[in-house]
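Notes for the one structure printed next.
Protein chains in written order, with my numbering: chain A, 2 to 398; chain B, 2 to 398.
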């Protein structure tokens, strides 16, 4: 099947690399002629708002999907006239607005951070008074990798925050979450997938197993990674034995995501990012931070770490195939992003068990240029992480 | 680095899929516009004998290599004027002629099958008398996947054999080898790799380990697969616990290939196919059948089975990088070719531990359309092989 992908970044590239093995071919739409995905399919250079470009793009596609969540819904609407679009526009619209996103979290039983809508400087002053400091002013739309955010440490920051990201945009003020860790849940739902159970019950072979609904399909839950960010950019994800996720938190997250996916008839990969906070009684709770209706950076370890990677399962889902197992094939895995500076491939390759993935991008500050996967026992993975310390582009806490 | 590949088949495609992760990009030259490798780089449609096409192809390349062994040496000579060509023309020439190939085997201490050159019907009659029946008449050049061969069962077959593949071509008559098994050795040598040892001595961590020569480089030997052919086409390869290779045979094969590689300053992957025969004393011996100066079908399991696949190590070698470990990361692995008929992806995916690789080719009788990798314990791999029985395109003995 010819699969159309809106966006030609590395997520699109890795989706296609997985999909061609299943017999599919790919066409990407992106405004940048040097998009990473050009090596994995046909790249059409064009704008998402150009209806003619969208029509040309749609010609002959069996299905269309996207690899970044800020693709204009109008583009998906145009394409939907002639081709099925997955994961579906409903959750795309919700995920593009931090306020709708938080409302959706509440509806499926997840706690979002405290928040207040802000549409004027006056609103902002009131909201900061209500919320207390520190708090974070965010644009409701088009934020990613820490962009479109301003940390308000005291009331003196209000005017600067407004100047920086206020103006004509719709905003949201969020309470600062004193989190202990950041984690994410990556799930993939097949067409018509019932998603029976949450994968942590008696019937599951291991965490991260495939849930089989009617007709052998369902929802595949990847084991939850623990994620470390720097300056808003994901740096390291750990899964399996090194992730230290409380089973009851994973269970709760899966149950909520299943509810959302089934309720919206979602097809493909969905990612939800959470904060883990310490409760007053010493226990732990999840605060839902944001969701992405697409494959996710915190799931890149699944290429080597799972039998079916997030990219492969997304392809399987949107083309009507059954899902593959999301379970870890090693006790532990980790992913280290390469940001800003490109390491020498040889320096990475000297680290035992390190799998290098470069995206073919020119180095630029804050740009994700590639990632490194480590798999093995927890000790092997941690030892690999230690060896990567100091290699340009990698930041290991 | 921009890597040029002569040939745009699946071997080129998988080489590029491995190479892009190391930061390289690819350009292919092939006469077929629907070449599988088109999904993994820039495909230039053209003929290997067209000097202008070769010049255009060479522009901007950092290195050139090939993915099939029948690329005309003249093309490599033209390209070599402006770009380094690896693995090198010397062994390419030898491997293209079954007679030179057998001479080369002898020189490095490997026993080839008994053979006699044939250049006329008269020669053929004499040679069959000398050799006895059954014996196999083969073209000296351009044979692959069992093509250009004729099995002579009795003297009555001589005229037919001559009509079928004789005529103006140079031929070789080979004694029929009553083999017990077929095996192959896939090795990769880094630039300047000294290849110290054969990987089965005390210093090696496991069979299939990387040999480290001066400067940490050397020769990476993959564990030897046992291969099953049908009608001249490879169907199944098994490595690790299921391969049942005698360590002394593997040692001898490695020593010979190391000698050849170091002697010819070979850079990249080289494959030698062997027959295992039973000796009169009950022991086993190797008969060298043929070699391919390129990545090989019997090494496809290495994508999931080894830390660094044959494709990745070939890219590393020809770009001057250090080699990665060729050791198996599971106790066993197997590869099943998909030939002639395409299976339903879902039927393959239902088999636990099966990794499907389709090449995007139209089904045609005898055509390799893809392969399936199985990794795990020997029992898991054999159980996977059993489950694949009866799936269209797969033949499991």
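Using N, Cα and C, we set each Cβ at its ideal position, and we do this for glycine too.
- Exclusion of the five residues before and after residue 261(A) leaves 109 as the residues of its chain whose Cβ lies within less than 6 Å of its Cβ.
- When DSSP states are grouped into helix, strand and coil, residue 333(A) belongs to the strand group.
- Take residue 294(A), set aside five residues on each side of it, and the residues of its chain with a beta-carbon closer than 7 Å to its own are 70, 88, 92, 93, 96 and 271, in chain order.
- Inside the segment 152 to 185 of chain A, DSSP marks whole beta strand (DSSP E) runs of 3 or more residues at positions 172 to 176, from first to last along the chain.
- By the criterion of a C-beta distance shorter than 6 Å, residue 115(A) is surrounded in its chain by 176, once the five residues flanking it on both sides are discounted.
- A distance below 8 Å between beta-carbons, with the five flanking residues on each side excluded, links residue 129(A) to the following residues of its chain, in chain order: 136, 153, 156, 159 and 174.
- Taken through DSSP and simplified to helix, strand or coil, residue 227(B) comes out as strand.
- From the listed residues 237(A), 347(A) and 256(A), the smallest Cα separation to residue 300(A) is found for 237(A).
- The C-beta of residue 346(A) comes closer than 8 Å to at least one C-beta of chain B.
- Under the DSSP definition of a beta bridge, residue 338(B) partners with 372(B).
- Per the C-alpha coordinates, the member of 81(B), 391(B) and 371(B) positioned closest to residue 58(B) is 81(B).
- For residue 317(B), the uninterrupted alpha helix (DSSP H) run begins and ends at 311 to 319, by DSSP.
- Close to residue 22(B), with beta-carbon spacing below 7 Å, are these residues of chain A in chain order: 357, 358 and 359.
- Below the 8 Å Cβ cutoff, chain B contributes 308 as neighbours of residue 354(A), in chain order.
- Taking every protein chain shown into account, the CB of residue 232(A) has fewer than 16 other CB atoms within 10 angstroms, so this residue is exposed.
- Check the Cα spacing between residue 187(B) and each of 257(B), 372(B) and 28(B): the tightest is with 257(B).
- 40, 41 and 42: these are the residues of the segment 39 to 61 of chain B whose beta carbon lies less than 7 Å from some beta carbon of chain A, given in chain order.
- Close CB contacts of residue 354(A) within its chain, under the 8 Å cut and outside five residues either way in sequence, are with 375, 376, 377, 381, 382 and 385 (chain order).
- For residue 388(B), same chain residues with a beta-carbon under 7 Å away, outside a window of 5 residues either side, are 352 in chain order.
- For residue 190(A), the three-state secondary structure derived from DSSP is strand.
- Not a single CB atom of chain B sits nearer than 8 Å to the CB of residue 2(A).
- Of all alpha-carbon atoms in 72(A), 20(A) and 13(A), the one lying nearest the alpha-carbon of residue 44(A) is that of 13(A).
- Assigned with DSSP and collapsed to three states, residue 395(B) falls in coil, not helix or strand.
- Taking a beta-carbon distance threshold of 8 Å, residue 325(B) counts as an interface residue toward chain A.
- For residue 39(A), there is no enclosing beta strand (DSSP E), as DSSP gives it neither H nor E.
- For residue 322(A), the three-state secondary structure derived from DSSP is coil.
- Counting along the chain, the unbroken beta strand (DSSP E) around residue 7(B) starts and ends at 3 to 7.
- Residues of the segment 62 to 84 of chain B with a C-beta atom less than 8 Å from some C-beta of chain A do not occur.
- Note that the C-beta distance between residue 26(A) and residue 46(B) is not below 8 Å.
- Scanning its chain for C-beta atoms nearer than 6 Å, with the 5 sequence neighbours on each side dropped, one finds around residue 62(B) the residues 3, 5 and 84, in chain order.
- In this model, residue 234(B) and residue 48(B) are separated by some 26 Å (Cα to Cα).
- In the three-state reduction of the DSSP assignment, residue 27(A) falls in the strand class.
- Interface with chain A (8 Å Cβ-Cβ cutoff): residue 322(B) is included.
- For residue 350(B), the chain A residues whose Cβ falls inside 9 Å of its Cβ are 23, 309, 317, 322, 323, 324 and 325, in order along the chain.
- Residue environment: residue 336(B) is assigned as buried (16 or more neighbouring CB atoms within 10 Å of its CB, all protein chains considered).
- Residue 289(A) and residue 254(A) have their C-alpha atoms spaced approximately 9 Å apart.
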